[in-house]
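J.: Just passing along the structure, written as structure tokens.
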Amino acid sequence: MIAVDKTHYFRSWLAVPLMCSLLMMHVARLQAQEPTNTANGIEKRVPWTTSKIKGTPDPSLPYETERAFPNLKFNQPLAIATAPGQKRFFVAERKGKIFSFPYEDQGVSQTDLFFDLKERVKDLNEIYGITFHPQFDKQRFVYICYVLTPGLPQGTRVSRFKVMDTNPPRCDPDSEEILIEWLSGGHNGGCLRFGPDGYLYISTGDGGPASPPDIHNAGQDVSNLLSCILRIDVDHPDQERPYSIPSDNPFVNQPGARPEIWAFGFRNPWKMCFHPENGDLWVGDVGWELWELVFRVEKGGNYGWSIREGRQPVKPDLKPGPTPILPPTVEHSHREARSVTGGYFYQSPRLKELKDTYIYGDYSTGKLWGLRYADKRVNWHQELANSTLKVTAFALDDAGEVYIVDIEGGAFHRLVPIKESDHNPEFPTLLSQTGLFESTTTHQVAPGVIPYSINAPAWADYATAERFVALPGDASVEVVKKQEWNFPKDSVLMKTISLETERGNPKSARRLETQLLHFNGARWLGYSYRWNEAQTDAELVSRDGDNLLLQVSSQVNPQEKVSFDWHIPSRAECAVCHTPFQNHLSVLSFEAAQLNRDQKYGDVV
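Quick look at the structure:
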């Protein structure tokens, strides 16, 4: 994780001259000046020929992803459904359009507009969920969850529409029947699934922003619909509602409780599914600061939010709900995940070894996992692939094939066995072995490794950073347009972080870690090296990161020492900011607006 320094403006006219001046090593001011005798610029760039940064130190995972339906691309796909008997995927785009296409043809090149909800609902903000009636041949209904302006008491809505008997199917825009509504906010849930019992299950979030946590204290409050999985009967409306309450819902007889609730205590349950054989309900719940959670949901279950987030207390004094808190089935630390997306159980014969595996992923890191559950426990759990995808949804066809949906690229993908391993057992475990330094003891970089500085460094608890860029051989960065820069394979950006243990005394500065970003030709990968006590070298940190316990002088009393933890990021944490799916944006600080400044190279500027 090189530098989390991201300015929010860009002057496009700087991009080409700045990159040329920096990377072609002829540095000059961009504005005209009178000639001077001051040395200005580097006459000739020295090639970097000593690199040992190749491949990855981590063992290869068993799968990678490949593009499915390669001729199709959508605009921020957020929810996918199938209609029984149709053999089509219905793709809901975030801003309101729903398209369909036949999924049995991988070469399909055309989609059909099913519905433009924005034309019907002018104040639509986002579509969150879509599903079809399980007896679609007799009950031609589609159910859509959508969100209006955030903060409205009835701003998140589930509506039913009729589907016209056309080929391809189209939605009747004038047939809307609003079924149920709740508060709109940052966490809306919005996943819709029919269970094997024929009832409609609906996920709802806590209605709040990312922070502070659970501003409505909704997680344990069963008097409202927030932070829940709801269960309603849409086929038998009662006198009060366009639906009825199943008699075996757990809180039907609970005074003050909403009878629609099936389970509660979720933060933002993002995508759920039912096991195709035993009917168990599974959901991925997006965590807050520390944990991403996967639950096998039980009737009346309390899943903790916001008294706790997984095992971590959040609001321990909050009044608990009516049932005991249940632990997550699986939890992921934020060292490897940041925004979990629930998936499906794989049933396709294409990858027989994955049959009955629950496949799910993470939006922020692109990681994909599989688990198997039997005899009331997880008996197999493995990371399957480390993708570059922003996973917001999964899709399941009638054959049991699971597709991964990338909101950023707008495409469908699927798992395939990995074709070529990039594992390098000789990957440098010491910084001195990387070829980036002549001497790690003096922090003298190798010839061809170029220092750079930026205009707006991030605040990091008084720590300072030295930054460098190294391009293999005499290769250069290709400027495509504006700030789109293509880096050559095996480019490396490096940042060494130091901290004064005695505030105001430069001689007390101690090197803590050196972070590398390595471009392998397809994506940027982050690695951290931890400096030893002697400050002579640094050792590669494991993929899970590390923590340093530091003693520094107090700001209030310089004679007093205080302790604090310095966190060295995991590989996955690096990928959260340095998103691997965009070459030119992944490096963050290495951009025109940040680099538009003088830089001293020895005796020249």
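All you need for this note's numbering is the position in the sequence shown, starting with 1, plus 964.
C-beta atoms are modelled at their ideal positions from N, C-alpha and C, and glycine is treated no differently.
Would you call N1450 buried or exposed, if buried means 16 or more other Cβ atoms sit within 10 Å of its Cβ?
T.: exposed
J.: Please tell me whether F1158 and V1127 are closer than 8 Å, where the distance is taken between their beta carbons.
T.: no
J.: Hey, how far is the Cα of H1407 from the Cα of F1401?
T.: 7 Å
J.: Just reading off the beta strand (DSSP E) that R1231 is part of, what are its end residues?
T.: From DSSP, R1231 is part of no beta strand (DSSP E); its letter is neither H nor E.
J.: Write down the C-beta distance between G1019 and D1386 rounded to the nearest angstrom, noting that I regard them as a contact closer than 8 Å.
T.: Contact holds; Cβ gap of about 5 Å.
J.: What distance in whole Å lies between the Cβ atoms of L1348 and Y1027, which are believed to be in contact at a cut-off of 8 Å?
T.: With a beta-carbon spacing of about 5 Å, Y1027 and L1348 fall inside the 8 Å limit used to define contacts.
J.: Quick one: grab the DSSP three-state call for R1314.
T.: Here R1314 sits in helix by DSSP.
J.: In the DSSP assignment, find the alpha helix (DSSP H) that holds A1557 and state where it starts and stops.
T.: 1556 to 1559
J.: Where does the unbroken alpha helix (DSSP H) through E1256 begin, and where does it stop?
T.: Here E1256 belongs to no alpha helix (DSSP H); instead the beta strand (DSSP E) covers 1255 to 1261.
J.: Of the residues S1123, F1215, F1228, which one's Cα is nearest the Cα of R1260?
T.: Of the candidates S1123, F1215, F1228, the one whose C-alpha sits nearest the C-alpha of R1260 is F1228.
J.: Could you give the residue range of the beta strand (DSSP E) that holds K1331?
T.: Note, K1331: beta strand (DSSP E), 1331 to 1338.
J.: Are the segment 1374 to 1390 and the segment 1450 to 1469 touching by the rule of at least three beta carbon pairs closer than 8 Å?
T.: no
J.: Measure the CB-CB distance between E1503 and T1393 and report whether it falls below 8 Å.
T.: yes
J.: From Q1103 to D1136, what does the alpha carbon distance come to, in whole angstroms?
T.: Between Q1103 and D1136, the C-alpha separation is close to 14 Å.
J.: Given H1097, which residues of its chain have a CB within under 6 Å of its CB, disregarding the five upstream and five downstream residues?
T.: Q1103, F1105
J.: Taking just the CA atoms, how far does P1233 sit from E1256?
T.: 11 Å
J.: Decide if A1363 is buried, meaning its Cβ has at least 16 other Cβ atoms within 10 Å, or exposed.
T.: Exposed: under 16 other Cβ atoms inside 10 Å.
J.: To the nearest angstrom, how far is the alpha carbon of L1318 from that of G1334?
T.: Approximately 8 Å between the Cα atoms of the pair.
J.: Taking only runs that begin and end inside the segment 1455 to 1534, name each unbroken alpha helix (DSSP H) of 4 or more residues, in chain order.
T.: none
J.: Going by the CB atoms, is the gap between W1530 and N1511 shorter than 8 Å?
T.: The beta carbons of N1511 and W1530 sit closer together than 8 Å.
J.: Closest by CA to Q1563, which one among F1483, S1417, D1454, T1321?
T.: With distances taken between Cα atoms, Q1563 lies closest to S1417.
J.: Using a Cβ distance threshold of 8 Å, determine whether the segment 1113 to 1120 contacts the segment 1139 to 1159, with at least three qualifying pairs required.
T.: yes
J.: Distance check for Q1397 and I1108, CA to CA, integer angstroms please.
T.: 56 Å
J.: Assuming E1057 contacts N1039 under a Cβ cut-off of 8 Å, what Cβ separation, rounded to an integer in Å, is found between them?
T.: 5 Å
J.: Tell me, which residues are paired with V1247 by DSSP?
T.: M1236, F1259
J.: Check this for me: beta carbons of K1016 and G1268, under 8 Å apart or not?
T.: no
J.: On a CA-only basis, which of P1177, Y1163, L1481, G1169 is nearest Y1207? Give me that one, please.
T.: Y1163
J.: Helix, strand or coil for Q1408? Go by DSSP, reduced to three states.
T.: strand
J.: Measuring alpha carbon to alpha carbon, tell me which of V1122, K1061, F1358, Q1346 ends up nearest T1046.
T.: F1358
J.: In whole angstroms, give me the CA-to-CA distance for D1101 and P1284.
T.: 44 Å
J.: In or out: A1498 buried (at least 16 other Cβ within 10 Å) or exposed?
T.: exposed
J.: Among residues of its own chain, excluding the 5 on either side of P1240, which ones have a beta-carbon nearer than 7 Å to its beta-carbon?
T.: F1309, Q1311
J.: Report yes if the CB atom of T1460 is closer than 8 Å to the CB atom of A1420, and no otherwise.
T.: no
J.: List in chain order: all unbroken beta strand (DSSP E) runs of 3+ residues lying wholly within the segment 1076 to 1124.
T.: The segment 1076 to 1124 contains these whole beta strand (DSSP E) runs: 1076 to 1080, 1090 to 1096, 1105 to 1111.
J.: Hey, out of I1368, Q1346, H1345, whose CA is closest to T1356's CA?
T.: I1368
J.: On the DSSP bridge list, what partners appear for F1309?
T.: Y1322
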